[in-house]
Amino acid sequence: MIRIFSLFLLLALTLISCGRKGAPLPPISKKPLDVDNIKLKQQGDYIVVSWHYIPKYDDNRPLKEFSFKIYLNDKEINPKLWHKRSLYWFSYKIPLFRKEYCFNIYVKSKDELSDSSPIECIIPTRNFPATPKITDIELKEDGLLIKWIGEGKNTNIYKSNDEIIPPIPDKKIANRGYYFDKDLQFNKKYCYYLTVENDKEVESNKSNTVCKRFEDIFPPKPPSDFKLLKKGNDYYLIWDNSPSKDVIGYLIYKNGKPLFNIPIKTYFFIDKDYKDGDKYYIVAVDRAGNKSKKVFLKRIIK
Numbered sequence: 003m004i005r006i007f008s009l010f011l012l013l014a015l016t017l018i019s020c021g022r023k024g025a026p027l028p029p030i031s032k033k034p035l036d037v038d039n040i041k042l043k044q045q046g047d048y049i050v051v052s053w054h055y056i057p058k059y060d061d062n063r064p065l066k067e068f069s070f071k072i073y074l075n076d077k078e079i080n081p082k083l084w085h086k087r088s089l090y091w092f093s094y095k096i097p098l099f100r101k102e103y104c105f106n107i108y109v110k111s112k113d114e115l116s117d118s119s120p121i122e123c124i125i126p127t128r129n130f131p132a133t134p135k136i137t138d139i140e141l142k143e144d145g146l147l148i149k150w151i152g153e154g155k156n157t158n159i160y161k162s163n164d165e166i167i168p169p170i171p172d173k174k175i176a177n178r179g180y181y182f183d184k185d186l187q188f189n190k191k192y193c194y195y196l197t198v199e200n201d202k203e204v205e206s207n208k209s210n211t212v213c214k215r216f217e218d219i220f221p222p223k224p225p226s227d228f229k230l231l232k233k234g235n236d237y238y239l240i241w242d243n244s245p246s247k248d249v250i251g252y253l254i255y256k257n258g259k260p261l262f263n264i265p266i267k268t269y270f271f272i273d274k275d276y277k278d279g280d281k282y283y284i285v286a287v288d289r290a291g292n293k294s295k296k297v298f299l300k301r302i303i304k
């Protein structure tokens, strides 16, 4: 009985093993995933075409080598492409206004062509605003101030960390001739161009591009009420903190020499070697190493 059961178990395991070996694997696709959406807009006498694409085969495997085949009114064109991360775009100079321009895109791998993207069309108008001009970009303590001249109802602010600026506005504001950008990080470069819109939301051509590094070169505000207080045999140097938010500490100088080399984060210091006639001043230090104006000791309380 035991022998019969063992033979049956061996036969069952053999059948299961054979079944696993014989299970067919799904075929590997060589067809790229298609571009699922393209966007068109007029920017002066250009049509800007943009789309997002993450290169994959249609079975979701990563696609390493690919190119785009771009069609305008059923004819292939070869514009200069730009891209940042998953965003791709190009600008097409309008040869004739009040004519319909229809674009669609294919993705080409080594072996196959994707399905077409949806076809998107636009009829550009001659009625667009004059090109604005950025006249200045100023470094301020808490941001960058951009100024321009140009007439229009609204202004689109385009922004990037280099001169390759995607055609998606960072901000859209009422046109007032200036914009103060506070959404920045220290020690990074920022580049801008802008367009103005008319009441039909048609954009002008791009302005000139300007760039500026946002850095902290502004000293913090000084501490206040710096005084010397005698308590027992010790002398306490006391002060009120600087109101600046980026202060990391304070340096105290005695007779022209620092009492310590690293900023202290407290609001008092005990000098056990005080002598009549000693002269002190204090400065606040911020994260960038900028120092405030000197505050001299003028009050001694004994």
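For the sequence shown, position 299 matches number 301 in my numbering, and the numbering has no gaps at all.
We treat Cβ as the ideally placed atom computed from N, Cα and C, and that holds for glycine.
For clarity, every value in this text was computed on a predicted model and none was experimentally measured.
Nearest C-alpha to residue 93 among 117, 42 and 101: 42. A contact is defined here as three or more CB-CB pairs under 8 Å, and the region 149-159 meets this definition with respect to the region 175-185.
By the CB criterion at 8 Å, residue 271 and residue 250 fall outside the cutoff.
Here DSSP, grouped into helix, strand and coil, assigns residue 45 to strand. Residue pairing from DSSP places residue 157 in a beta bridge opposite 175 and 198. With a 10 Å radius around the Cβ and a threshold of 16 neighbouring Cβ atoms, residue 140 comes out exposed.
In the displayed model, residue 93 falls within a strand according to three-state DSSP. Counting only residues of its own chain and dropping the five nearest sequence neighbours on each side, residue 64 has a CB closer than 8 Å to the CB of 57 and 58. Going by DSSP, residue 75 is part of no beta strand (DSSP E) at all; its letter is neither H nor E. Within the DSSP secondary-structure output, residue 192 pairs in a beta bridge with 214. The region 215-226 and the region 189-196 touch, with three or more beta-carbon pairs separated by less than 8 Å. When DSSP states are grouped into helix, strand and coil, residue 247 belongs to the coil group.
Put simply, of 290, 148, 188 and 237 the residue whose alpha carbon is nearest the alpha carbon of residue 276 is 237. Taking one beta carbon from each stretch, the region 125-133 and the region 146-154 have 3 or more pairs nearer than 8 Å; the two touch.
In this structure, residue 256 lies near residue 280, with their beta-carbon atoms less than 8 Å apart.
A residue is called buried once 16 or more other Cβ atoms fall within 10 Å of its Cβ, and residue 183 is buried on that count. Boundaries of the beta strand (DSSP E) around residue 301: 301-303. According to DSSP, residue pairing for residue 145 in a beta bridge involves 142.
Just so you know, the alpha carbons of residue 100 and residue 127 end up roughly 6 Å apart. Under the three-state reduction of DSSP, residue 272 is assigned to strand. DSSP places residue 137 within a strand segment (E or B) once states are collapsed to three. Looking from the CA of residue 231, the closest CA among 201, 302 and 109 belongs to 302.
At a Cβ-Cβ threshold of 8 Å, residue 39 and residue 120 count as neighbours. For the options 78, 61, 28 and 105, the alpha carbon positioned closest to that of residue 53 is the one of 105. For residue 118, there is no enclosing beta strand (DSSP E), since its DSSP letter is neither H nor E. Distances from the alpha-carbon of residue 166 to those of 47, 89 and 219 put 89 closest.
In this structure, DSSP gives residue 124 an extended state, which the three-state scheme calls strand. C-alpha of residue 283 to C-alpha of residue 268: approximately 16 Å in a straight line.
Apart from the 5 residues on each side of it in sequence, residue 175 sits with its Cβ closer than 8 Å to the Cβ of 156, 157, 159 and 181 in its chain, given in chain order.
DSSP, read as helix, strand or coil, puts residue 229 in strand.
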